[in-house]
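In this text, residue positions in the sequence shown follow our numbering: the first is 27, and each later residue adds one.
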Amino acid sequence: MVRKIHSERIIKIPKGVEVWIKSRKVRVKGPRGELRKDFNHLDCDMRMIDGGRSLKLEVWFGRTKALACMRTVTSHVQNMITGVTKVRQTNKQTNKQAPLLDDHQGGAISKASPSA
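So this is what it looks like as structure tokens:
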């Protein structure tokens with residue numbers, strides 16, 4: 027197996043979004059709320075650069091799995107940023123409530139009428 031000596035990815039942080047990192051725990055705060063995610067199980071370095079406007083992820087001597095995890099972390103953080111900045115749009119015509127998992131409308135449990 028070949029190890030790549032150094033690999034890095036940089037995520038730009040848009041205006042209006044704040045990101046905090048402490049021991050691989052990421053907190054993203056924006057106009058639509060706050061999200062937190064813990065990446066302690068991964069072996070990568072995370073730090074803020076450019077005065078807090080970019081997030082840098084680094085993996086040293088990583089194998090294929092570690093490099094794939096770095097891409098996954100990048101995607102998670104980008105999705106967290108999207109989640110606190112953009113409004114989720116739904117189609118008004120198909121916006122129906124999904125049935126709950128414990129909703130017994132399939133006939134398995136029915137309400138019995140009181141018998142006399």
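Using N, Cα and C, we set each Cβ at its ideal position, and we do this for glycine too.
Helix, strand or coil at residue i [DSSP, three-state]
i: residue 97; result: helix
i: residue 102; result: helix
i: residue 91; result: helix
i: residue 69; result: coil
i: residue 52; result: strand
i: residue 85; result: strand
i: residue 133; result: Reliability fails at residue 133, whose pLDDT of 46 lies under 50, so the model's placement of it is uncertain and the value that follows must be treated cautiously. Coil.
i: residue 110; result: helix
Beta-carbon proximity check, residue i vs residue j, cutoff 7 Å
i: residue 56; j: residue 43; result: yes
i: residue 83; j: residue 45; result: no
i: residue 85; j: residue 92; result: yes
Residues sharing a beta bridge with residue i, DSSP
i: residue 39; result: Note: residue 39 sits in no beta bridge, so no partner.
i: residue 47; result: 52
i: residue 77; result: Paired residues: none, contrary to the question.
i: residue 62; result: 53
i: residue 30; result: 88
Close beta carbons around residue i, own chain, < 6 Å, minus the five adjacent residues each side
i: residue 68; result: 95
i: residue 38; result: 80
i: residue 62; result: 53
Contacting residues, own chain, Cβ-Cβ under 8 Å from residue i (five flanking each side not counted)
i: residue 50; result: 64, 65, 66, 68, 70, 72
i: residue 113; result: 58
Presumed contact (8 Å Cβ cut-off) between residue i and residue j, rounded CB distance
i: residue 40; j: residue 111; result: 7 Å
i: residue 107; j: residue 74; result: Incorrect: roughly 14 Å between the Cβ atoms, too far for contact.
i: residue 35; j: residue 100; result: 5 Å
Spatial neighbours of residue i in its chain, beta-carbon cut-off 7 Å, leaving aside the 5 residues before and after
i: residue 87; result: 29, 31
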